[in-house]
Amino acid sequence: MLPVARLCALARERGIITIVDAAQSFAQMPISFRELGCDFFVTSLHKWLGAPVGNGMLIVNRQRISETWPLLAPFDTTPATVDKFDHWNLGTYNSALQAGIEPAIRFHQAIGVANIHARLSALTRYWTSRTADIDGLRIHTPLEADTLGAVSLFSIDGIDAARLERTLRQSFSVHVKYRRVGQLEGLRVSPHIYMNEADLDVFVDALHAGVKDAD
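Numbers in this note's numbering are just positions in the sequence shown, counted from 1, shifted up by 100.
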(Lines of atoms letter the chains of each structure in order from A and count residues from 1; the text may use other names and numbers.)
(Lines give C-alpha, C1' and ligand atoms only; values in the text may rest on other atoms or scores of the structure.)
Protein backbone atom coordinates (compact mmCIF):
# COMPACT_ATOMS: atom_id res chain seq x y z
CA MET A 1 0.00 0.00 0.00
CA LEU A 2 1.20 3.51 -0.76
CA PRO A 3 2.17 5.74 2.20
CA VAL A 4 -1.05 7.71 1.76
CA ALA A 5 -0.88 9.73 4.99
CA ARG A 6 2.67 10.84 4.19
CA LEU A 7 1.76 11.75 0.62
CA CYS A 8 -1.25 13.75 1.82
CA ALA A 9 0.94 15.61 4.31
CA LEU A 10 3.48 16.48 1.62
CA ALA A 11 0.68 17.65 -0.68
CA ARG A 12 -0.87 19.78 2.06
CA GLU A 13 2.47 21.51 2.68
CA ARG A 14 2.52 22.50 -0.99
CA GLY A 15 -1.13 23.52 -1.30
CA ILE A 16 -2.07 20.48 -3.38
CA ILE A 17 -5.57 19.01 -3.04
CA THR A 18 -5.65 15.27 -2.32
CA ILE A 19 -8.29 12.74 -3.37
CA VAL A 20 -8.02 9.19 -2.03
CA ASP A 21 -9.68 6.36 -3.97
CA ALA A 22 -10.29 3.83 -1.20
CA ALA A 23 -12.40 1.35 -3.15
CA GLN A 24 -9.93 -1.49 -2.57
CA SER A 25 -9.16 -0.72 1.07
CA PHE A 26 -12.30 0.60 2.78
CA ALA A 27 -14.03 -2.15 4.81
CA GLN A 28 -11.29 -4.62 3.85
CA MET A 29 -8.86 -3.35 6.48
CA PRO A 30 -8.77 -0.69 9.20
CA ILE A 31 -8.59 2.72 7.54
CA SER A 32 -9.38 6.23 8.79
CA PHE A 33 -10.13 9.32 6.75
CA ARG A 34 -8.93 11.50 9.62
CA GLU A 35 -5.64 9.64 9.97
CA LEU A 36 -4.97 9.86 6.24
CA GLY A 37 -5.44 13.62 6.28
CA CYS A 38 -6.77 13.83 2.73
CA ASP A 39 -9.17 16.44 1.35
CA PHE A 40 -11.53 14.00 -0.36
CA PHE A 41 -12.12 10.31 0.38
CA VAL A 42 -14.23 8.27 -2.04
CA THR A 43 -15.14 4.61 -2.12
CA SER A 44 -17.66 2.17 -3.47
CA LEU A 45 -19.64 0.23 -0.87
CA HIS A 46 -20.23 -3.04 -2.71
CA LYS A 47 -16.68 -4.40 -2.89
CA TRP A 48 -15.71 -5.07 0.71
CA LEU A 49 -18.65 -3.76 2.73
CA GLY A 50 -21.05 -5.91 0.71
CA ALA A 51 -23.75 -3.28 0.11
CA PRO A 52 -25.71 -3.42 -3.17
CA VAL A 53 -23.84 -2.40 -6.32
CA GLY A 54 -24.41 1.27 -7.06
CA ASN A 55 -23.83 2.61 -3.56
CA GLY A 56 -20.83 4.74 -2.70
CA MET A 57 -19.49 7.14 -0.11
CA LEU A 58 -17.89 10.57 -0.24
CA ILE A 59 -16.15 12.21 2.72
CA VAL A 60 -15.00 15.81 2.34
CA ASN A 61 -12.69 17.75 4.62
CA ARG A 62 -14.75 20.54 6.20
CA GLN A 63 -12.31 23.16 4.96
CA ARG A 64 -12.96 22.09 1.36
CA ILE A 65 -16.77 21.95 1.39
CA SER A 66 -17.61 25.62 0.80
CA GLU A 67 -15.07 26.04 -2.01
CA THR A 68 -16.05 22.88 -3.91
CA TRP A 69 -18.86 22.95 -6.44
CA PRO A 70 -21.08 19.84 -6.61
CA LEU A 71 -21.62 18.07 -9.92
CA LEU A 72 -25.33 18.95 -9.74
CA ALA A 73 -26.62 22.06 -7.99
CA PRO A 74 -28.60 21.29 -4.80
CA PHE A 75 -32.09 22.66 -4.19
CA ASP A 76 -31.17 23.89 -0.73
CA THR A 77 -28.47 26.44 -0.03
CA THR A 78 -26.19 24.44 2.26
CA PRO A 79 -22.72 25.62 1.26
CA ALA A 80 -21.07 24.65 4.55
CA THR A 81 -22.24 21.04 4.85
CA VAL A 82 -21.56 17.87 2.92
CA ASP A 83 -25.29 17.68 2.06
CA LYS A 84 -24.61 19.92 -0.94
CA PHE A 85 -23.06 16.88 -2.65
CA ASP A 86 -26.08 14.65 -1.91
CA HIS A 87 -27.89 13.98 -5.18
CA TRP A 88 -30.59 11.83 -3.59
CA ASN A 89 -32.72 14.94 -3.11
CA LEU A 90 -32.83 15.83 -6.80
CA GLY A 91 -35.64 13.44 -7.65
CA THR A 92 -36.84 9.87 -7.33
CA TYR A 93 -34.07 7.49 -6.32
CA ASN A 94 -33.69 3.75 -5.83
CA SER A 95 -34.61 3.46 -2.16
CA ALA A 96 -34.14 -0.33 -2.17
CA LEU A 97 -30.55 0.17 -3.28
CA GLN A 98 -29.87 2.60 -0.47
CA ALA A 99 -31.71 0.45 2.08
CA GLY A 100 -29.10 -2.27 1.61
CA ILE A 101 -26.35 -0.18 3.19
CA GLU A 102 -27.44 -0.47 6.83
CA PRO A 103 -27.67 -4.29 6.98
CA ALA A 104 -24.30 -4.50 5.22
CA ILE A 105 -22.80 -2.28 7.92
CA ARG A 106 -24.35 -4.39 10.69
CA PHE A 107 -23.01 -7.59 9.13
CA HIS A 108 -19.57 -6.06 8.73
CA GLN A 109 -19.51 -4.83 12.32
CA ALA A 110 -20.64 -8.22 13.62
CA ILE A 111 -17.55 -9.82 12.10
CA GLY A 112 -15.17 -6.94 12.78
CA VAL A 113 -12.82 -5.27 10.32
CA ALA A 114 -9.74 -6.71 12.06
CA ASN A 115 -11.10 -10.25 11.62
CA ILE A 116 -12.00 -9.55 8.00
CA HIS A 117 -8.53 -8.21 7.26
CA ALA A 118 -6.86 -11.17 8.95
CA ARG A 119 -9.01 -13.64 7.02
CA LEU A 120 -8.41 -11.99 3.66
CA SER A 121 -4.65 -11.79 4.15
CA ALA A 122 -4.65 -15.45 5.21
CA LEU A 123 -6.49 -16.42 2.01
CA THR A 124 -3.95 -14.52 -0.07
CA ARG A 125 -1.03 -16.21 1.66
CA TYR A 126 -2.74 -19.58 1.18
CA TRP A 127 -3.12 -19.43 -2.59
CA THR A 128 0.30 -17.84 -3.13
CA SER A 129 1.94 -20.61 -1.10
CA ARG A 130 0.29 -23.21 -3.34
CA THR A 131 1.62 -21.58 -6.51
CA ALA A 132 5.25 -21.31 -5.42
CA ASP A 133 6.14 -24.32 -7.60
CA ILE A 134 5.12 -22.60 -10.84
CA ASP A 135 8.26 -21.68 -12.77
CA GLY A 136 8.58 -17.97 -13.42
CA LEU A 137 5.66 -16.93 -11.22
CA ARG A 138 6.11 -13.46 -9.76
CA ILE A 139 3.93 -12.02 -7.01
CA HIS A 140 3.92 -8.23 -7.37
CA THR A 141 2.34 -7.69 -3.95
CA PRO A 142 4.41 -7.63 -0.72
CA LEU A 143 3.12 -10.71 1.10
CA GLU A 144 4.72 -9.87 4.44
CA ALA A 145 3.35 -6.33 4.67
CA ASP A 146 0.91 -5.52 7.47
CA THR A 147 -1.37 -4.01 4.85
CA LEU A 148 -1.66 -7.23 2.84
CA GLY A 149 -5.29 -7.99 2.13
CA ALA A 150 -7.23 -9.82 -0.54
CA VAL A 151 -5.98 -7.97 -3.61
CA SER A 152 -2.77 -9.21 -5.20
CA LEU A 153 -1.22 -9.25 -8.65
CA PHE A 154 0.89 -11.97 -10.24
CA SER A 155 2.54 -12.67 -13.56
CA ILE A 156 4.38 -15.65 -15.03
CA ASP A 157 7.50 -15.22 -17.13
CA GLY A 158 6.88 -16.23 -20.72
CA ILE A 159 3.10 -16.49 -20.28
CA ASP A 160 0.72 -14.00 -21.92
CA ALA A 161 -1.34 -12.77 -18.96
CA ALA A 162 -4.32 -11.67 -21.06
CA ARG A 163 -4.46 -15.04 -22.79
CA LEU A 164 -4.16 -16.85 -19.47
CA GLU A 165 -7.08 -14.82 -18.14
CA ARG A 166 -9.25 -15.99 -21.04
CA THR A 167 -8.16 -19.61 -20.55
CA LEU A 168 -9.04 -19.57 -16.86
CA ARG A 169 -12.43 -18.03 -17.56
CA GLN A 170 -13.46 -20.02 -20.61
CA SER A 171 -11.99 -23.43 -19.75
CA PHE A 172 -12.25 -23.47 -15.95
CA SER A 173 -14.91 -20.86 -15.06
CA VAL A 174 -12.35 -19.03 -12.91
CA HIS A 175 -12.56 -15.25 -12.92
CA VAL A 176 -9.43 -13.20 -12.33
CA LYS A 177 -8.78 -9.76 -13.78
CA TYR A 178 -6.09 -8.77 -16.27
CA ARG A 179 -4.39 -5.51 -15.34
CA ARG A 180 -1.66 -3.47 -16.99
CA VAL A 181 -0.09 -0.34 -15.49
CA GLY A 182 2.86 1.01 -17.43
CA GLN A 183 5.31 -1.84 -17.94
CA LEU A 184 3.74 -3.98 -15.23
CA GLU A 185 1.02 -6.43 -16.22
CA GLY A 186 -0.52 -9.49 -14.66
CA LEU A 187 -3.63 -11.06 -13.20
CA ARG A 188 -5.36 -9.68 -10.14
CA VAL A 189 -6.70 -12.16 -7.60
CA SER A 190 -9.10 -10.94 -4.91
CA PRO A 191 -10.89 -13.58 -2.81
CA HIS A 192 -13.69 -12.46 -0.49
CA ILE A 193 -14.59 -13.53 3.04
CA TYR A 194 -17.30 -15.90 1.79
CA MET A 195 -14.63 -17.97 0.03
CA ASN A 196 -12.67 -20.77 1.65
CA GLU A 197 -9.49 -22.69 0.94
CA ALA A 198 -11.36 -25.23 -1.18
CA ASP A 199 -12.47 -22.44 -3.52
CA LEU A 200 -8.88 -21.30 -3.87
CA ASP A 201 -7.77 -24.87 -4.52
CA VAL A 202 -10.02 -24.81 -7.60
CA PHE A 203 -8.29 -21.64 -8.77
CA VAL A 204 -4.79 -22.98 -8.10
CA ASP A 205 -5.50 -26.27 -9.88
CA ALA A 206 -6.92 -24.35 -12.84
CA LEU A 207 -3.87 -22.10 -12.89
CA HIS A 208 -1.51 -25.07 -12.98
CA ALA A 209 -3.51 -26.58 -15.83
CA GLY A 210 -3.70 -23.28 -17.69
CA VAL A 211 0.05 -22.79 -17.45
CA LYS A 212 0.64 -26.32 -18.73
CA ASP A 213 -1.63 -25.64 -21.71
CA ALA A 214 0.27 -22.43 -22.48
CA ASP A 215 3.66 -24.18 -22.61
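Just so you know, even glycine gets a beta-carbon here, dropped at the ideal spot from N, CA and C. Just so it is clear, the structure is predicted and the values come from calculations on it, not from any experiment.
Legend entry - Proximity of V274 and V302 at Cβ, strictly below 8 Å: Walking along the sequence shown from the start, residue 274 turns up at place 174. Walking along the sequence shown from the start, residue 302 turns up at place 202. Yes, the pair counts as a contact, with Cβ atoms nearer than the cut-off.
Inset, instruction - Answer yes or no: do Q128 and H217 have a C-beta to C-beta separation smaller than 8 Å? - result: Here residue 128 is taken as the residue at index 28 of the sequence shown, counted from 1. Here residue 217 is taken as the residue at index 117 of the sequence shown, counted from 1. Result yes, Cβ atoms of Q128 and H217 sit closer than 8 Å.
Legend entry - Stretch pair the region 250-262 + the region 307-315: three plus CB contacts closer than 8 Å: yes
Inset, instruction - Flag this pair as yes or no: are the beta carbons of L158 and I201 separated by less than 8 Å? - result: The count along the sequence shown starts at 1 and reaches residue 158 at position 58. The count along the sequence shown starts at 1 and reaches residue 201 at position 101. Not in contact: L158 and I201 (Cβ atoms no closer than 8 Å).
Inset, instruction - Pick helix, strand or coil for D121, following the three-state DSSP scheme. - result: Residue mapping note: residue 121 aligns to position 21 of the sequence shown, counting from 1. Strand, per DSSP.
Legend entry - Closest by C-alpha distance to Q124, when choosing among S252, G286 and A309: What you label residue 124 is simply residue 24 of the sequence shown in a count that begins at 1. Of S252, G286 and A309, the residue nearest in Cα terms is S252.
Inset, instruction - Please say whether N155 and Q198 have beta carbons closer to each other than 8 Å? - result: Indexing the sequence shown from 1 puts residue 198 at position 98. Indexing the sequence shown from 1 puts residue 155 at position 55. A contact, by the Cβ cut-off of 8 Å.
Legend entry - Residues near R219 in its chain [Cβ-Cβ closer than 8 Å; skip 5 each side]: As a position in the sequence shown, residue 219 is number 119, starting the count at 1. Excluding sequence positions up to five before and after R219, its CB lies within less than 8 Å of the CB of I293, all in the same chain and listed in chain order.
Legend entry - L220 (DSSP reduced to helix, strand or coil): As a first step, residue 220 is located in the sequence shown; it is residue number 120 there, counting from the start. It is helical.
Inset, instruction - Would you kindly report the start and end of the unbroken beta strand (DSSP E) that includes A289? - result: Numbered from its first residue, the sequence shown carries residue 289 at position 189. The identity of residue 289 in the sequence shown is Val, whereas the question assumes Ala. It spans L284 to V289 - the beta strand (DSSP E) in which V289 sits, taken as one unbroken run.
Inset, instruction - Reducing DSSP to helix, strand and coil, say where T192 ends up. - result: Along the sequence shown, read from residue 1 onward, the residue named residue 192 stands at position 92. Note: T192 maps to coil in three-state DSSP.
Legend entry - Residues near I117 in its chain [Cβ-Cβ closer than 7 Å; skip 5 each side]: Residue numbering aside, residue 117 sits at position 17 when the sequence shown is read from its first letter. D139.
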